[in-house]
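In the working numbering, the protein residues as written are 331 to 692.
By construction, the Cβ of each residue, glycine as well, lies at the ideal position given by its N, Cα and C atoms.
Source: prediction; values computed, not measured.
Written out below as structure tokens is the structure these notes cover.
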Ligand code: SAH
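Structure, rendered in structure tokens:
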């Protein structure tokens with residue numbers, strides 16, 4: 331078998347690794363030892379696991395590779411705060427992941443859950459490229475490990491599932507990757523808190539309902555982008571399958587069940603969804619979604635559209651942005667107008683597509 335066909339150590343849960351080690355007659359404490367090397371020290375070679383017996387290292391190397399992701403390009407934005415990696419997988423497919431550093435000690439990894447995406451949102455570069463395949467849990471986890479390795483001591487503080495792909499269309503692997511990344515440091519895991527993780531969905535209603543049942547404190551973002559079915563079906567085609575009344579109801583039920591705040595994502599597109607009518611309709615949807623009288627648990631995240639090759643629309647000017655915001659403000663809807671980041675290296679929301687023209691500046 332070629333190394334491309336071997337399982338990666340990041341593909342294994344602790345239970346699977348324990349089972350393999352038991353078969354080899356190894357003591358149970360080796361699981362934690364190995365995980366510390368993988369999830370806390372981010373080693374690149376099994377031989378760096380210096381507290382393991384030589385024979386065990388040889389066995390591990392015979393049966394597993396450490397990782398399946400090969401970085402083929404790294405780009406850094408002009409302001410230096412955003413970095414983007416292009417990774418190649420053993421089958422030749424490619425995914426991107428982004429690191430965003432903020433002054434206030436926040437360092438966020440934006441990771442991909444699929445190679446391409448089947449949702450076909452018109453303004454999204456990943457949607458424009460179509461769907462190739464789901465990522466395995468280990469392939470999702472490894473993106474975080476690569477970024478964490480680069481950061482070293484200045485640790486990663488947040489993870490967002492907002493890269494390529496629709497997380498709820500790859501539900502099981504995404505959940506498995508979250509379980510692995512939130513395994514406590516005391517158990518040898520990466521140990522990031524669930525509250526530091528955000529998952530963004532295009533609005534797959536069965537996914538939202540299933541997610542509400544998970545015993546996890548992960549943040550949920552829902553990509554709304556339009557407040558009428560007519561418009562939403564044009565730019566987010568999955569709306570024809572899960573229209574707004576079903577989506578807002580599922581989101582409401584999710585909030586009621588989990589008591590957690592949800593974000594509605596809205597890429598502002600000039601003269602498409604930045605009109606006052608859309609803003610007013612959005613206010614209505616937020617009110618319908620929020621199940622609480624005493625607090626608003628629906629937050630609106632406005633992102634001025636990032637340019638993509640396959641879509642002609644563009645971000646509205648400041649005046650139009652503020653006009654839209656003021657409708658929300660007057661209605662008392664909590665919102666954030668996000669600052670665009672990493673646009674010069676196509677690392678902004680919806681710009682990831684594993685371009686074939688490489689640019690390496692590091
Ligand atoms: N499939 C998931 C996650 C990936 S995209 C989802 O749809 O939520 C992460 C966010 O970026 C989504 O809200 C998506 O709609 C938004 N986005 C996509 N293309 C964009 C663009 N060109 N400009 C700004 N935001 C965009």
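By DSSP's assignment, residue 446 forms a beta bridge with 461.
Bridge pairing for residue 628: 592 [DSSP]. Cβ neighbours of residue 619 within its own chain (closer than 6 Å, five residues either side excluded): 578, 581, 582, 628.
Assignment of beta-bridge partners to residue 430 by DSSP yields 412, 438. In the DSSP assignment, residue 530 forms a beta bridge with 551. The three-state secondary structure of residue 569, taken from DSSP, is helix. For the region 485-515, the continuous beta strand (DSSP E) assignments of 3+ residues that do not extend past its boundaries occur at 488-491, in sequence order. Looking at the DSSP output, residue 633 bridges to 597.
Contact check between the region 589-605 and the region 440-450: fewer than three CB pairs, one atom from each, fall below 8 Å, which does not count as touching. By alpha-carbon distance to residue 436, the top candidate from 359, 527, 643, 658 is 527. Non-local C-beta neighbours of residue 452 in its own chain, meaning closer than 6 Å and more than five positions away in sequence, comprise 565, 641, ordered along the chain.
Burial is judged here by how many other beta carbons sit within 10 angstroms of a residue's own beta carbon; residue 647 has fewer than 16 and is exposed. For residue 654, the three-state secondary structure derived from DSSP is helix. Under the 8 Å Cβ criterion, the region 646-663 does not count as touching the region 410-426, having fewer than three qualifying pairs.
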